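K.L.:
Quick one: the structure is below, and I'll ask about it shortly.
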Amino acid sequence: MQIQIKSGGHGTCKYPQHSQPQCQFGNPCGFTCTDGYSPYPYSRPTECICSKPYMVCNDRCGLFKGCPSQYYKRGEASPSYGLNCAKGLTTCPIPGRGGEYFECVNTQNDLESCGGCITPSLPSYGYYSTAKEGADCSALPGVSDVSCVYGKCVVYKCSYGYSLNKVGECVPIKGYYA
Numbered sequence: 001m002q003i004q005i006k007s008g009g010h011g012t013c014k015y016p017q018h019s020q021p022q023c024q025f026g027n028p029c030g031f032t033c034t035d036g037y038s039p040y041p042y043s044r045p046t047e048c049i050c051s052k053p054y055m056v057c058n059d060r061c062g063l064f065k066g067c068p069s070q071y072y073k074r075g076e077a078s079p080s081y082g083l084n085c086a087k088g089l090t091t092c093p094i095p096g097r098g099g100e101y102f103e104c105v106n107t108q109n110d111l112e113s114c115g116g117c118i119t120p121s122l123p124s125y126g127y128y129s130t131a132k133e134g135a136d137c138s139a140l141p142g143v144s145d146v147s148c149v150y151g152k153c154v155v156y157k158c159s160y161g162y163s164l165n166k167v168g169e170c171v172p173i174k175g176y177y178a
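Here the sequence shown stands for residues 1 to 178, numbered as in full-length UniProt numbering.
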């Protein structure tokens with residue numbers, strides 16, 4: 001057996017992000033996806049993806065109501081005390097915390113702070129957010145499937161009793177009462 005191992009063709013396996021090697025019949029470079037990611041394509045996977053309705057939050061794939069920044073802990077500090085977000089992230093006040101606590105948010109794809117911060121900052125804390133006001137896509141009336149794409153809420157499906165109009169909003173169907 002040692003001879004077979006040493007004399008066999010030596011290849012190098014490359015594994016995609018969010019995977020770990022796994023022995024599989026007929027596939028010496030087999031892997032299984034981790035962190036909630038799924039193999040793609042299904043028959044002979046080459047990558048691990050996070051597919052709908054799941055979203056990526058802090059390098060994990062799953063169903064999340066929100067996604068706090070992995071760079072700073074929620075409520076760690078306010079910008080007046082030096083909170084600086086990584087490139088591509090916006091410093092936003094945390095809803096329900098009176099504008100005193102902040103988090104770093106990617107407002108280009110965050111479902112609950114789409115296009116900007118959902119909560120305005122308060123001047124009494126010495127910090128004015130330069131970010132424009134955003135939208136909570138998950139709270140839009142009549143929406144059942146929505147994403148934040150490039151800072152805009154994109155509606156894919158409306159709830160029962162609503163229909164999608166030409167501008168991408170869910171509007172109540174006339175004569176329907178819930």
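Just so it is clear, CB atoms sit at the ideal spot from N, CA and C, and this is done for glycine as well.
These numbers were taken from a predicted model, which means no experiment stands behind them.
1. Under 8 Å by Cβ, that's how I've got S159 and V146 pegged, so tell me the actual separation to the nearest angstrom.
2. Any idea what DSSP makes of S43, helix, strand or coil?
3. Report the option in C148, G151, L140 and Y150 whose CA atom is closest to the CA atom of P172.
4. Since C48 and P16 are thought to touch, with beta carbons under 8 Å apart, how far apart are those beta carbons, to the nearest angstrom?
5. Please go through the UniProt domain "Protein CPL1-like" (102-169) and give each complete beta strand (DSSP E) segment of 3 or more residues, from N-terminal end onward.
6. Determine the contact status of N106 and L89, defining contact as a CB-CB distance below 8 Å.
7. Taking 7 Å as the limit between beta carbons, can you name the residues of its chain near P39, skipping five residues before and five after?
8. Going by the DSSP bridge assignment, what does T91 pair with across the sheet?
9. Relative to the alpha-carbon of S19, which residue among N165, C50 and S163 has its alpha-carbon at the smallest distance?
10. According to DSSP, simplified to helix, strand and coil, what is N27?
11. So, at 6 Å on beta carbons, what are the nonlocal neighbours of C85 in its own chain, with the 5 sequence-adjacent residues on each side left out?
12. Starting from P21 and walking both ways along the beta strand (DSSP E), at which residues does that stretch end?
13. If you drop the 5 nearest sequence neighbours on each side, which residues of the same chain put their C-beta closer than 7 Å to that of A135?
14. Relative to the alpha-carbon of V149, which residue among K52, R60 and L111 has its alpha-carbon at the smallest distance?
15. Which word fits V167, buried or exposed, when buried means at least 16 other C-beta atoms lie within 10 angstroms of its C-beta?
16. What is the C-beta distance between G142 and Y162, in whole angstroms, given that I count them as a contact (C-beta under 8 Å)?
17. Can you find the residues in the same chain that come closer than 7 Å, C-beta to C-beta, to R60, ignoring five residues on each side of it along the sequence?
18. Within 10 angstroms of its Cβ, does T119 collect 16 or more other Cβ (buried), or is it exposed?
P.N.:
Concretely, from the data shown:
1. Their Cβ separation, rounded to whole angstroms, is 11 Å, which puts S159 and V146 out of contact at 8 Å.
2. coil
3. L140
4. 5 Å
5. 102-105, 143-149, 152-158 and 162-164
6. yes
7. C33, P45 and C48
8. C104
9. C50
10. strand
11. T91 and C104
12. S19 to P21
13. C114, G115 and C153
14. L111
15. exposed
16. 3 Å
17. D35 and G36
18. buried
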